[in-house]
């Protein structure tokens, strides 16, 4: 873990589960001297100050002192690029901006080059979360032992990438660097397709069958409880890769159906073993 | 919870995870005065005696004293009917036999009427388990708070059904009674289709993407670690209902694909909300 960076003034745009957990983790690990929450809802932000998650808040980035030097944008994925650009416009030279969006290529493309070249954006995706929502579900240990993917462009300043990497490491995360497109293909398989599959499995359950839904069903469908408002922009933002993954999934399900129709125990065993081998390798 | 039945001599055929947990639970709750394990592998059964799971063992039901009066058959689903008939043939009058198989209609059909009419079979399916295997993974609390489905035929003796119901309740289970066919359709949706879906999702993961598989992926695919040797007979034993469920699943996935292809946020939100509503109702 890197040494505490007490001169970091941290701004969090969007103090929800992830933004709130970044704040809680930064405070717990002493890597920020001050934490400013930025959002639209003053009542919610006041409560987050009262709860000790943040020290102060702003509802408009243009009205504050802009005394932060490190920004984490935790707003919904379809707003992140706009929010990055708006906070970049009022930030001091040298400020590093990152985000927590689960789709990276559209965000990195839409942020593009920041105007004055002295404020740096590096995309991040901490692979941690919960089906819960809101800063009330924040956890200082949310990132511990979890992978955070950092996705610099080829022309992102190396020191900015380093700074973002060290920030996530200081919260206990294991940092992996890859380009935004490779990230998006991978999370289609590891996160977005499983989310759709969980929702589809959950939706075929009839009310009268609920009493027979045991832990297997609950585990398989847990992520289907996620907020559709969060997931629609994620799926649409990564639709090409998600569609490719869904085609692989339906092909695999077709193979199962064929083996069942033919009563082919050998083939069924192979298909189940493929899944088991892949799962057991985690 | 019913009062301890100290005069119950319990025989467990197949001392694996489920059979072993029945033994451990019965011992912990004082509902058996003696527990006899029955299986093929004398070494494993000896170890189970040493581990205190069972009191004694037999490798051939025809050679023992048959001093049991209650039997739980925990062998693989495609062997249960045969095992029920073979232990019924040597059991004393009044003996009650049940099982733990996760498919009920073929078992209840294949057991049929037991020869002398004085030994009674009532099918059971405790909705508890684990991706682990073997008596070493046994847990005395495995059935606590879990549903056990009891599936009498229309001509099963009422007192035998009561006895089986009270047995599972004495292990902490919540008993639901339904006919074997309705059970099989329900578990296709709540267990067998989710198992296939989990295996299919796991199998599309590429090795280089493993580092991005976080808790969502792990939860969704956890049951794919189940032993294919156990699952092949379950899926084949319930193939009509599983095929119907898989068709519903692929129809739902097709709707997701269409919404993504058309960039239809409203439709995508509805589909995700359907899944969420169903999951949240559990």
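Chains as they are written, first to last, in our numbering: chain A, 1 to 282; chain B, 1001 to 1282.
We treat Cβ as the ideally placed atom computed from N, Cα and C, and that holds for glycine.
**Study point:** Listed by chain order, chain A residues near residue 1219 of chain B by CB distance under 8 Å
**Key:** Ordered by position in chain A, the residues that pass the 8 Å Cβ test against residue 1219 of chain B are 219, 220, 222 and 223.
Exercise for review: Report the neighbours of residue 282 of chain A on chain B: residues whose CB is nearer than 7 Å to its CB, in chain order.
Suggested key: Under the 7 Å cutoff, chain B gives 1210, 1213 and 1218.
**Study point:** residue 1126 of chain B, DSSP secondary structure in three states
**Key:** Strand.
Point to revise | residue 1115 of chain B versus residue 1127 of chain B: straight-line alpha-carbon distance, rounded | key: Those two C-alpha atoms are separated by around 29 Å.
Review point. Between residue 1231 of chain B and chain A, is there a C-beta pair that is closer than 8 Å?
Key: Yes, contact with chain A.
Exercise for review: Report the residues of the segment 1123-1145 of chain B with a CB closer than 7 Å to any CB of chain A, ordered along the chain.
Suggested key: Under the 7 Å Cβ criterion, the segment 1123-1145 of chain B contributes 1127 and 1128.
Check your understanding: So what does residue 306 of chain A bridge to, in DSSP terms?
Key -> In the structure as shown, chain A starts at 1 and stops at 282, and residue 306 of chain A therefore has no counterpart that could be examined.
Check your understanding: Whose Cβ in chain B lies nearer than 7 Å to the Cβ of residue 278 of chain A?
Key -> Under the 7 Å cutoff, chain B gives 1202, 1203 and 1205.
Review point. Using the C-alpha atoms, what's the distance from residue 1112 of chain B back to residue 233 of chain A?
Key: If I take the Cα positions, the gap works out to 55 Å.
Check your understanding: Any residues in the segment 242-270 of chain A with a beta carbon nearer than 7 Å to a beta carbon of chain B? Which ones, in chain order?
Key -> Within the segment 242-270 of chain A, the residues whose Cβ lies closer than 7 Å to some Cβ of chain B are 242, 243, 245, 246, 248, 249, 250, 252, 253, 256, 257, 260, 261, 263, 265, 268 and 269, listed in chain order.
Review point. Where in the segment 1055-1093 of chain B do unbroken runs of the beta strand (DSSP E), each at least 3 residues long, occur, reported from the N-terminal end onward?
Key: As far as the segment 1055-1093 of chain B is concerned, its whole beta strand (DSSP E) runs of at least 3 residues are 1056-1058 and 1070-1073.
Check your understanding: Pairing CB atoms from the segment 1152-1165 of chain B with CB atoms from the segment 1089-1101 of chain B, are three or more of them under 8 Å?
Key -> Taking a cut-off of 8 Å for Cβ pairs, the segment 1152-1165 of chain B and the segment 1089-1101 of chain B touch, as three or more such pairs fall below it.
Review point. Looking at the C-beta of residue 1190 of chain B, does it have a partner C-beta in chain A at a distance below 8 Å?
Key: Between residue 1190 of chain B and chain A, the shortest Cβ-Cβ separation is below 8 Å.
Practice item. Quick one: grab the DSSP three-state call for residue 189 of chain A. Key: In the structure shown, residue 189 of chain A sits in a helix (DSSP, three-state: H, G or I).
Review point. So is residue 179 of chain A in contact with chain B if we call contact Cβ pairs under 8 Å?
Key: Under the Cβ distance rule, residue 179 of chain A does not count among the residues neighbouring chain B, no pair being separated by less than 8 Å.
Review point. Given residue 1229 of chain B, which residues of its chain have a CB within under 8 Å of its CB, disregarding the five upstream and five downstream residues?
Key: Taking residue 1229 of chain B as the centre and dropping the five residues before and after it, the same chain places the C-beta of 1076 closer than 8 Å to its C-beta, in chain order.
Exercise for review: May I have the straight-line CA-CA distance separating residue 226 of chain A from residue 1214 of chain B, to the nearest angstrom?
Suggested key: Distance between the alpha carbons of residue 226 of chain A and residue 1214 of chain B is about 15 Å.
Exercise for review: Using a threshold of 8 Å, state whether the C-beta atoms of residue 39 of chain A and residue 71 of chain A are closer than that.
Suggested key: Judged by beta-carbon spacing, residue 71 of chain A lies beyond the 8 Å limit of residue 39 of chain A, meaning their Cβ atoms are not closer than that value.
Point to revise | Residue-chain proximity (residue 235 of chain A, chain B), Cβ-Cβ < 8 Å | key: Chain B, which has a Cβ nearer than 8 Å to the Cβ of residue 235 of chain A, makes this yes.
Exercise for review: Could you name the residues of the segment 54-87 of chain A whose beta carbon sits closer than 7 Å to any beta carbon of chain B, in the order they occur along the chain?
Suggested key: Hits within the stretch: zero.
Check your understanding: For residue 11 of chain A, which residues does DSSP report across the bridge?
Key -> For residue 11 of chain A, which the question treats as bridged, DSSP gives the partners A/36 and A/71.
**Study point:** Pick from B/1260, B/1091, B/1078 and B/1050 that is closest to residue 1064 of chain B, judged by C-alpha positions
**Key:** For the residues B/1260, B/1091, B/1078 and B/1050, the minimum Cα distance to residue 1064 of chain B belongs to B/1091.
Review point. Are any of the Cβ atoms in chain A nearer than 8 Å to that of residue 1105 of chain B?
Key: Closer than 8 Å: no.
Review point. If the cut is a Cβ gap below 9 Å, which residues of chain C does residue 1239 of chain B touch?
Key: Included in the structure are the protein chains A and B, with no chain C among them.
Check your understanding: Does residue 176 of chain A come within less than 8 Å of chain B when only Cβ atoms are used?
Key -> By this cut-off, residue 176 of chain A is an interface position.
Exercise for review: Grab me the residues of residue 201 of chain A's own chain with a C-beta within less than 7 Å of its C-beta, minus the 5 sequence neighbours each way, in chain order.
Suggested key: If we look at residue 201 of chain A and ignore the five residues flanking it on each side, its Cβ neighbours are 220 and 221.
Review point. Apart from the five residues on each side of it in sequence, which residues of its chain come closer than 7 Å, Cβ to Cβ, to residue 1277 of chain B?
Key: Counting only Cβ-Cβ distances below 7 Å, and skipping sequence neighbours, we find nothing.
Exercise for review: Return the bridge partner residues of residue 1018 of chain B from the DSSP annotation.
Suggested key: Residue 1018 of chain B is not bridged to any residue.
**Study point:** Distance, residue 1197 of chain B Cα to residue 155 of chain A Cα
**Key:** In this structure, the CA atom of residue 155 of chain A is about 41 Å from the CA atom of residue 1197 of chain B.
Exercise for review: Decide if residue 1158 of chain B is buried, meaning its Cβ has at least 16 other Cβ atoms within 10 Å, or exposed.
Suggested key: By the neighbour-count rule (16 or more Cβ atoms within 10 Å), residue 1158 of chain B is not buried but exposed.
Exercise for review: Put residue 1151 of chain B into one of helix, strand or coil per three-state DSSP.
Suggested key: In this structure, residue 1151 of chain B counts as strand in the three-state DSSP scheme.
Practice item. Along the alpha helix (DSSP H) that carries residue 49 of chain A, what are the first and last residues, could you check? Key: 42-50 is the span of the alpha helix (DSSP H), which, as asked, contains residue 49 of chain A.
Check your understanding: Is the segment 245-255 of chain A close to the segment 1250-1268 of chain B, with three or more CB pairs under 8 Å?
Key -> The segment 245-255 of chain A, when compared against the segment 1250-1268 of chain B, does touch it at the 8 Å Cβ threshold.
Review point. Could you give the distance in angstroms between the alpha-carbon of residue 1235 of chain B and the alpha-carbon of residue 73 of chain A?
Key: Distance between the alpha carbons of residue 1235 of chain B and residue 73 of chain A is about 47 Å.
**Study point:** Neighbour list for residue 1228 of chain B in chain A, Cβ cutoff strictly below 7 Å
**Key:** Under the 7 Å cutoff, chain A gives 269, 272, 273 and 276.
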